[in-house]
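In what follows, a structure is listed as structure tokens, so that the remarks can point back to it.
In UniProt numbering, the protein residues as written are 1 to 258.
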């Protein structure tokens, strides 16, 4: 979710295989490589890198032409205005992961960490949930309609966000009580529900990341697949690790695409 550069994507065409189709990846920081600590050189503000689940899927399917349009910080408006135009009209597969920035989820997280009282955190969470319920449905519907218009024959998979925390005990996260962690997980559930409904209304497939990541969420003590708070690498915090992309998102996408 992080800072946005309206950078053009790039296309990788297979050299040794006849193309079986074209895969276009759209979205925000969860759809690139933020959290993996490994990025393209020279780096750009889109923060793309080799460990993102779209790159990993494309590497497993070399007979597909791959178009990477996703960029860190993107909102639905950015996807509509700068990413969807990069989709070839003959695309056969599109993934899109967007919505977290529209409802200010990163700002809510930072507010919960920095505020002293639970009430300040919970107020911000409530505002984010209200935006998800009242504003995001129309934005997602517009985004999904634009994808369908651009790629009329593509299979479209809408990729969701995980819950962040396992509740219970102290796992060394300063500034976040169990009450706040529970509220943040609840906001993730609201976002997932709104996104799943919008995907279904568009006739798209929804990839629910919550059951995939729940056993490996922050404070799980079970090979966590999400980065906890790190003030020295604040933009990496609350994003998947390289393992989360490879062992979480990629197999879930494989299960839907075959």
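All residues carry an ideal CB built from backbone N, CA and C; glycine is no exception.
Going by C-alpha positions, residue 48 is about 11 Å away from residue 27. Under the three-pair Cβ rule at 8 Å, the stretch 196-204 counts as touching the stretch 137-154. The beta carbons of residue 58 and residue 23 sit about 6 Å from each other, so the pair counts as a contact at 8 Å. Put simply, of 92, 66 and 103 the residue whose alpha carbon is nearest the alpha carbon of residue 150 is 92. Excluding five sequence positions before and after residue 159, the CB atoms of its chain that fall closer than 6 Å to its own CB belong to 95, 97 and 207, given in chain order.
Taking C-beta separations shorter than 7 Å and ignoring five residues to either side along the sequence, the partners of residue 118 in its chain run 177, 179 and 180, following chain order. Within 10 angstroms of the beta-carbon of residue 240 lie 16 or more other beta-carbons, which makes it buried. Apart from sequence neighbours up to five positions away, the residues of its chain that approach residue 185 with a beta-carbon distance below 8 Å are 163, 164, 165 and 167, ordered along the chain. The DSSP-derived three-state label of residue 98 is coil.
As computed with DSSP, residue 155 is found in a beta bridge with 93.
Counting along the chain, residue 70 sits inside no alpha helix (DSSP H), nor does DSSP assign it H or E at all. Residue 49 carries a coil assignment under DSSP once its states are collapsed to helix, strand and coil.
Here the alpha carbon of residue 84 sits roughly 11 Å from the alpha carbon of residue 68.
For residue 223, the secondary structure class from DSSP, reduced to helix, strand or coil, is coil.
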